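Mapping to this note's numbering: the sequence shown position 156 is 292, numbers consecutive. All C-beta atoms in this analysis are idealised placements derived from N, C-alpha and C, irrespective of residue type, glycine included. In this text, all values refer to a predicted model and were calculated from it rather than measured experimentally. First up is the structure itself, then whatever we jot down about it.
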Amino acid sequence: MKNIVYILVCASVIFFTACSSQDKKKDGTQVLMQDSTEIAGPQRMQVSDVKTSFTYKGKEYQSSVVRRPDEFLPIVKNEQGEKFVDNRITLRITCGGKQVVDKVFTKDNFASLVDAKFMKYSILEGLVYDKTTPQGIIYAASVCYPQSDLYVPIRLTITADGKISMAKEELMEDYQTDSID
Numbered sequence: 137m138k139n140i141v142y143i144l145v146c147a148s149v150i151f152f153t154a155c156s157s158q159d160k161k162k163d164g165t166q167v168l169m170q171d172s173t174e175i176a177g178p179q180r181m182q183v184s185d186v187k188t189s190f191t192y193k194g195k196e197y198q199s200s201v202v203r204r205p206d207e208f209l210p211i212v213k214n215e216q217g218e219k220f221v222d223n224r225i226t227l228r229i230t231c232g233g234k235q236v237v238d239k240v241f242t243k244d245n246f247a248s249l250v251d252a253k254f255m256k257y258s259i260l261e262g263l264v265y266d267k268t269t270p271q272g273i274i275y276a277a278s279v280c281y282p283q284s285d286l287y288v289p290i291r292l293t294i295t296a297d298g299k300i301s302m303a304k305e306e307l308m309e310d311y312q313t314d315s316i317d
């Protein structure tokens, strides 16, 4: 019983000491909250490395798609003034140990397919393996407004000898270039 009383007394002394020392420090100073994005700097997507194996024209292919935020690319700002680091995506395709494709993409690679106003506020979000067709190996790329559902889908077709062609897929219904300032 004495131990319980002793523990309660010690806890009470510590509590009152802590509370009284906080009261003494009040000198009218106020700390204002700061926006966490300003403190941390521009926002970045996570690094990703996706490996895929597939068969095309009877041969086994390996694909690696690595997305990295790139500090050397221009910073993108959204309408609220938030800053975002754009991405650089490396696509590597091999077949039987032979390099078929080793290409680095930035959103500028898709400038001929994406409206200039959209490009100004967008980042290269992703590149993923889709399927194989008689025309080639199909990848889907997206240039998007950061942290939104607004994006331009792009189809990459890669032939067996590594030639890459690009085409813009159908845009979503909500996308209108007139709404972009």
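Next on the checklist: Judging by CA-CA distance, which residue of Met255, Met302 and Gly272 is the nearest neighbour of Asp222?
Outcome noted: On the sequence shown, position 86 is the one that residue 222 refers to. Among Met255, Met302 and Gly272, the Cα nearest to that of Asp222 belongs to Met255.
Checklist entry - Candidates Cys231, Leu292 and Glu215: which alpha carbon is nearest Lys253's? => result Residue 253 sits at position 117 when you count from the first residue of the sequence shown. When C-alpha distances from Lys253 are compared across Cys231, Leu292 and Glu215, the shortest belongs to Glu215.
Next on the checklist: Measuring only the C-alpha atoms, how far is Thr269 from Glu218?
Outcome noted: Position 133 of the sequence shown, counted from the first residue, corresponds to residue 269. Position 82 of the sequence shown, counted from the first residue, corresponds to residue 218. Rounded to whole angstroms, Thr269 to Glu218 spans 40 Å at the Cα level.
Checklist entry - Which class does Phe246 belong to by DSSP, given the choice of helix, strand or coil? => result Start at 1 with the first residue of the sequence shown, and residue 246 comes out as number 110. Helix at Phe246.
Checklist entry - Using the C-alpha atoms, what's the distance from Tyr197 back to Ser189? => result Position 53 of the sequence shown, counted from the start, is the residue given in the question as residue 189. Position 61 of the sequence shown, counted from the start, is the residue given in the question as residue 197. Linking Ser189 to Tyr197 through their CA atoms gives a straight-line distance of about 6 Å.
Checklist entry - Identify the residues that DSSP records as bridge partners of Ser200: which are they? => result Working through the sequence shown from its first residue, we reach residue 200 at position 64. In the DSSP output, where bridge partners are listed per residue, Ser200 has Lys187 and Arg228.
Checklist entry - Given 8 Å as the limit, is there contact between the stretch 288–303 and the stretch 224–238, that is, 3 or more CB pairs closer than that? => result The stretch 288–303 vs the stretch 224–238: in contact.
Item to check | C-beta contact flag for Ile294 and Cys280 at 9 Å | outcome: If you number the sequence shown from 1, residue 294 lands on position 158. If you number the sequence shown from 1, residue 280 lands on position 144. Not a contact, by the Cβ cut-off of 9 Å.
Item to check | Span of the alpha helix (DSSP H), counted from its first residue to its last, around Ala252 | outcome: Reading the sequence shown from its first residue, position 116 is the one you call residue 252. Residues Ala252 to Lys256.
Item to check | Reduced DSSP secondary structure (H/G/I, E/B, other) of Tyr265 | outcome: Position 129 of the sequence shown, counting from 1, holds the residue named residue 265. Tyr265: strand per DSSP, three-state reduction.
Checklist entry - If we ignore side chains and look at the alpha-carbon of each, how far apart do Tyr275 and Lys234 end up? => result As a working mapping, residue 275 is identified with position 139 in the sequence shown. As a working mapping, residue 234 is identified with position 98 in the sequence shown. Going by the C-alpha atoms only, they are around 20 Å apart.
Checklist entry - How many Å lie between Glu305 and Gly272 at the Cα? => result Against the sequence shown, residue 305 aligns to sequence position 169. Against the sequence shown, residue 272 aligns to sequence position 136. Rounded to whole angstroms, Glu305 to Gly272 spans 16 Å at the Cα level.
Checklist entry - Which residue or residues does DSSP assign as beta-bridge partners of Met302? => result In the sequence shown, the residue the question calls residue 302 occupies position 166. Answer is Leu292.
Item to check | Residue environment, Glu207, which counts as buried when at least 16 other CB atoms sit within 10 Å | outcome: Residue mapping note: residue 207 aligns to position 71 of the sequence shown, counting from 1. Label assigned to Glu207: exposed.
Checklist entry - Can you tell me where the beta strand (DSSP E) with Val237 in it begins and where it stops? => result In the sequence shown, the residue the question calls residue 237 occupies position 101. Its beta strand (DSSP E) spans residues Lys234 to Phe241.
Item to check | Contacting residues, own chain, Cβ-Cβ under 6 Å from Cys231 (five flanking each side not counted) | outcome: Residue 231 sits at position 95 when you count from the first residue of the sequence shown. So the qualifying residues of the chain are Lys195 and Tyr197.
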